[in-house]
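Written below as structure tokens is the structure these notes are about.
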Amino acid sequence: MREDEQCVQDLVECMHEFDTFPFDTASTTSDELVADFNSAHAAGEKKLTHFLEERVFNKNTSLHAPVPLCKRLTFAKALSKEKPSDELKAKAAEMERSALKAMINLVEGSQLVNLPELLEHRIVEECVPLFNSNGTFRKTQKSMLVQKLSLESVDLQESYIALVDMGMIWRMATPSAEDRRTQDGNPYKWSDYVHKLSSIILARHHNAHRIICVNDPYDTAYSTKDDERDLRVQGNTHVPNTYMKLGDAFPTARMFKTLLCSSSNKGRLQKMICSYLTDLAQSVDVEIVYSVGSHCTNLSTQQPMQNYSFDQSEADTVLFSTYVVLRESGYSGPVVIDATDTDVYVAAALISQQLPGMLCIKRKQETVRCCDMTTDMMADCIVQLHCMTGCDANSGFYGKGKKSVYDQVAKSPVARQQLSRCGDNLALTEEVLEQLFAFTRSIIYGDNKSKTMAEARAAKWRTIKKKSFIRLPPDADSLRQHCLRANYLAYLVRHPSLKHHPSPIGHGWELLQGKNNTVCELMSAVRAFQRKLEVFKSDLQEGLLHFPKLLEQTKGDNRPQNHVGFLEKLIENFKTRFDDFRLGKQVLLYIENPFLVRNVREFSAEAQQIFPWASAASLQSELIDLQENLALKEADCDTPTSPA
43 MREDEQCVQD LVECMHEFDT FPFDTASTTS DELVADFNSA HAAGEKKLTH
93 FLEERVFNKN TSLHAPVPLC KRLTFAKALS KEKPSDELKA KAAEMERSAL
143 KAMINLVEGS QLVNLPELLE HRIVEECVPL FNSNGTFRKT QKSMLVQKLS
193 LESVDLQESY IALVDMGMIW RMATPSAEDR RTQDGNPYKW SDYVHKLSSI
243 ILARHHNAHR IICVNDPYDT AYSTKDDERD LRVQGNTHVP NTYMKLGDAF
293 PTARMFKTLL CSSSNKGRLQ KMICSYLTDL AQSVDVEIVY SVGSHCTNLS
343 TQQPMQNYSF DQSEADTVLF STYVVLRESG YSGPVVIDAT DTDVYVAAAL
393 ISQQLPGMLC IKRKQETVRC CDMTTDMMAD CIVQLHCMTG CDANSGFYGK
443 GKKSVYDQVA KSPVARQQLS RCGDNLALTE EVLEQLFAFT RSIIYGDNKS
493 KTMAEARAAK WRTIKKKSFI RLPPDADSLR QHCLRANYLA YLVRHPSLKH
543 HPSPIGHGWE LLQGKNNTVC ELMSAVRAFQ RKLEVFKSDL QEGLLHFPKL
593 LEQTKGDNRP QNHVGFLEKL IENFKTRFDD FRLGKQVLLY IENPFLVRNV
643 REFSAEAQQI FPWASAASLQ SELIDLQENL ALKEADCDTP TSPA
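Be aware that the sequence shown starts at 43, since it is given in our numbering, and climbs by one per residue.
Quick look at the structure:
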């Protein structure tokens, strides 16, 4: 109604502006205009009748449903925007869920198998309470946890040391459309970007006497965020190498986002910013320190700072390791962390109560004192709670928000005790694991009766009306990996004095092919697995050496032919999958180490099968020249070459 009144007012103002009053003029109206008005009146009555029949006199459409405006002002029923293929897929998925529900209910009703036993392990391909269908972590709104913290601002007038998360500053300095329209008409350049970046840092910390710029190290072999960074690259078939120069034009917003998908590009950007800040440090009063992993330099004095060297993969943890070094060195003044990540807020709430001195966090227009964020009781378990319910490197639980979990933990001493030992040690003991399982059942899923995750999954299945695996608690195997990750992440945060972080491999993460590994390692693993499948097939038919439980259950009498058939299909499928990925033995040896190639002719023949355009004669000659290079042989090995 308000919009209609505004329209009337706009029309009246328009009439006054063009002096169209009064309307009761003696001039006659044309026949065309009369016909137009009459036809419009008839069309309006028709549409009104349609509207009443559709929304008032029957229940096809709600009276308050929006009127589609895609094709002029029509009251016709809006067409479904869902694609037919999507609708068919949804119906097919619903049919499969219904069929699976009926089968599970039938099996349980016939008492052929116990429901907890049936649901003990995953039934679907992914543990959907923790992972999306494509295998990625389920993300939760981490900022909801920040809303539970007490963020009272303090008036900090004295000088302090600032710890700045440079990843945040990169995003803040991204040029807007107004920034790109320079006053002189020249295109926006990289120099304009780094100037804006440095201006933001200095403006946000005008009272600081030292600013430590902390960067994510991108030269590590692997980190807990590798999957997240790989997802950013999806959709970018090619990320070009960009060599930034201050005088070059700054890329478009889309190109800038694309180039940041490459760790090499981000490393070059860090170096360019470091070079610019080095020149800037000579002309400002504040001391500027630049930290990138194990390299830290005081840009004002041009001297390395070895005490701020950390072998860690994330800037979030480097911030607090730097804070520990500051306190251990005797500095007692205020320290202000400039970061927006919820992980930083959570860590600050704990560490500010463990170490003496004032620790604050810089927000948009205020500074927050960290030791006042939460109570002492919650500070002892807030890191564990955050890691269990979803953080940067761990998944959340479907439909379970952080606010409600925080409120329950704040009221329950038992829940706080269950979380308290998570992260005490790098290795997760079975006792602590069982405590985390109990926390998941009782606090996250509200089940205080079940003793195991299988029982909790069965109990939840019986109670929910619309059967769905996504609403079940996770199975014990998947939850174990989740708890391993939570324990590892909590261990790093709770031990900020660690300068060298242990590898995450074996603590909830596994290295598959891995970075910096050649195709030789991949092919070795593939061929070894193929041979193991053949051994397993033979073992099922004979001794069951690799299947002691099966031997125990069958007592050696029953031969599981269905298992043999399954392995035969698996062997055939695996062979077909890698059939096109053929690399000869000599080529693989050459990739691993050229001096390992003994048969030059065999190597050239295998290489020609892969690269038909290559010259066999040139390959043989170049390989022999390389293997007979004395300097290279001395550096590696002395392996004789046979021409046959």
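Where is the CB? At the ideal position from N, CA and C, for every residue including glycine.
Beta carbon of arginine 458 nearer than 9 Å to that of methionine 419: The answer is yes: Cβ separation under 9 Å.
Selection from Leu341, Asp581, Phe292 that minimises the alpha carbon distance to arginine 223: The shortest C-alpha separation from arginine 223 is found at Phe292.
Whether phenylalanine 481 touches alanine 518 by CB criterion (9 Å): It is not a contact, given that the beta carbons lie outside the stated cut-off.
Contacts around lysine 541, its chain only, beta-carbon distance under 6 Å, and the 5 residues preceding and following it disregarded: So the qualifying residues of the chain are Phe352.
Per-residue burial, tyrosine 285 [other beta carbons within 10 Å of its own, 16 or more giving buried]: The residue is exposed, with fewer than 16 neighbouring Cβ atoms inside 10 Å.
Any 3 or more C-beta pairs closer than 8 Å across the stretch 373 to 383 and the stretch 206 to 224: When Cβ pairs closer than 8 Å are counted between the two stretches, the stretch 373 to 383 is seen to touch the stretch 206 to 224, the count reaching three or more.
Expected contact under 8 Å - CB spacing of valine 256 and alanine 357 to nearest Å: The C-beta distance from valine 256 to alanine 357 rounds to 5 Å, short enough to fall under 8 Å.
DSSP three-state assignment for alanine 245, whether helix, strand or coil: Look at alanine 245 here: in three-state DSSP terms it is helix.
Sheet register partners of phenylalanine 637 (DSSP bridge): Checking the DSSP bridge columns, you'll see phenylalanine 637 has no partner listed.
Start-end ranges of the beta strand (DSSP E) lying completely within the stretch 513 to 559, minimum 3 residues: Along the length of the stretch 513 to 559, whole beta strand (DSSP E) runs at least 3 residues long do not occur.
Short Cβ contact (9 Å threshold) for alanine 421 with leucine 397: Taking 9 Å as the cut-off, the Cβ atoms of alanine 421 and leucine 397 do not count as close.
Candidates Gln651, Leu239, Leu661, of which the one nearest leucine 319 by Cα: Ranked by how close their Cα comes to the Cα of leucine 319, the residues Gln651, Leu239, Leu661 have Leu239 in first place.
Collapsed DSSP secondary structure at aspartate 667 in the structure displayed: In the three-state DSSP reduction, aspartate 667 falls in the helix class (H, G or I).
Beta-carbon proximity list for cysteine 423, same chain, < 6 Å, skipping 5 on both sides: If we look at cysteine 423 and ignore the five residues flanking it on each side, its Cβ neighbours are Arg458, Leu461, Ser462.
DSSP-derived helix/strand/coil call for threonine 32: With the chain covering 43 to 686 only, the question about residue 32 has no answer from this structure.
When Ser663, Asp489, Tyr632 are compared against glutamate 648, the one with the closest alpha-carbon: Comparing Cα positions, the closest option is Tyr632.
Where serine 492 falls, given that 16 or more other Cβ within 10 Å makes a residue buried: Buried, because 16 or more other Cβ atoms sit within 10 Å of the Cβ of serine 492.
Outcome for asparagine 436 when other beta-carbon atoms lying within 10 angstroms are tallied against a minimum of 16: Classification of asparagine 436: buried, given that the 10 Å Cβ count is 16 or more.
Threonine 116 versus glutamate 220 - alpha carbon distance: Because threonine 116 carries a pLDDT of 40, less than 50, the predicted location of this residue cannot be relied on, and the following value inherits that uncertainty. Distance between the alpha carbons of threonine 116 and glutamate 220: 39 Å.
Separation of leucine 187 from glutamine 312, as counted between CA atoms: Their Cα atoms are separated by approximately 31 Å.
Per-residue DSSP class, three states only, for lysine 404: The answer is strand: DSSP assigns lysine 404 an E or B state.
Cα-Cα separation between cysteine 464 and arginine 527, rounded to whole angstroms: Near 10 Å, if we compare the C-alpha coordinates of arginine 527 and cysteine 464.
Other residues of its chain near leucine 368: CB distance less than 8 Å, five sequence neighbours each side excluded: Cβ within range, chain order: Ile203, Val377.
Three-state secondary structure assigned by DSSP to arginine 252: Arginine 252: strand per DSSP, three-state reduction.
Residue closest to glutamate 472, alpha-carbon to alpha-carbon, out of Arg522, Ile486, Asn156: For the residues Arg522, Ile486, Asn156, the minimum Cα distance to glutamate 472 belongs to Arg522.
Beta-carbon gap between valine 425 and valine 535 smaller than 9 Å: In this structure, valine 425 lies near valine 535, with their beta-carbon atoms less than 9 Å apart.
Rounded C-alpha distance that separates glutamine 354 from glutamate 476: So the two alpha carbons sit approximately 29 Å from each other.
Integer Cβ distance of serine 646 from glutamine 669, believed to fall under 8 Å: Incorrect: roughly 13 Å between the Cβ atoms, too far for contact.
Terminal residues of the alpha helix (DSSP H) in which alanine 204 lies: Counted as a single uninterrupted DSSP element, the stretch harbouring alanine 204 is not any alpha helix (DSSP H) but the beta strand (DSSP E) occupying residues 202 to 207.
Helix, strand or coil at proline 682 according to DSSP, with G and I counted as helix: No answer about proline 682 holds up, because its pLDDT of 46 lies below 50 and its placement is not dependable.
First through last residue of the beta strand (DSSP E) which encompasses isoleucine 330: Per DSSP, the unbroken beta strand (DSSP E) holding isoleucine 330 starts and ends at 329 to 334.
Valine 334 versus Ser520, Thr262, Leu592, residue with shortest Cα-Cα distance: Among Ser520, Thr262, Leu592, the Cα nearest to that of valine 334 is on Thr262.
Boundaries (first-last residue) of the beta strand (DSSP E) holding cysteine 338: Note, cysteine 338: beta strand (DSSP E), 337 to 340.
Contact check, proline 516 vs phenylalanine 439, beta carbons under 9 Å: The answer is yes: Cβ separation under 9 Å.
Phenylalanine 481 (DSSP reduced to helix, strand or coil): Correct three-state label for phenylalanine 481: helix.
Chain-order list of residues whose beta-carbon lies under 8 Å from that of aspartate 489 (same chain, five-residue window excluded): The beta carbon of aspartate 489 sits closer than 8 Å to the beta carbons of Arg483, Ala498, Ala501, Lys502, Pro515 from its chain, once the five residues preceding and following it are set aside; these are given in chain order.
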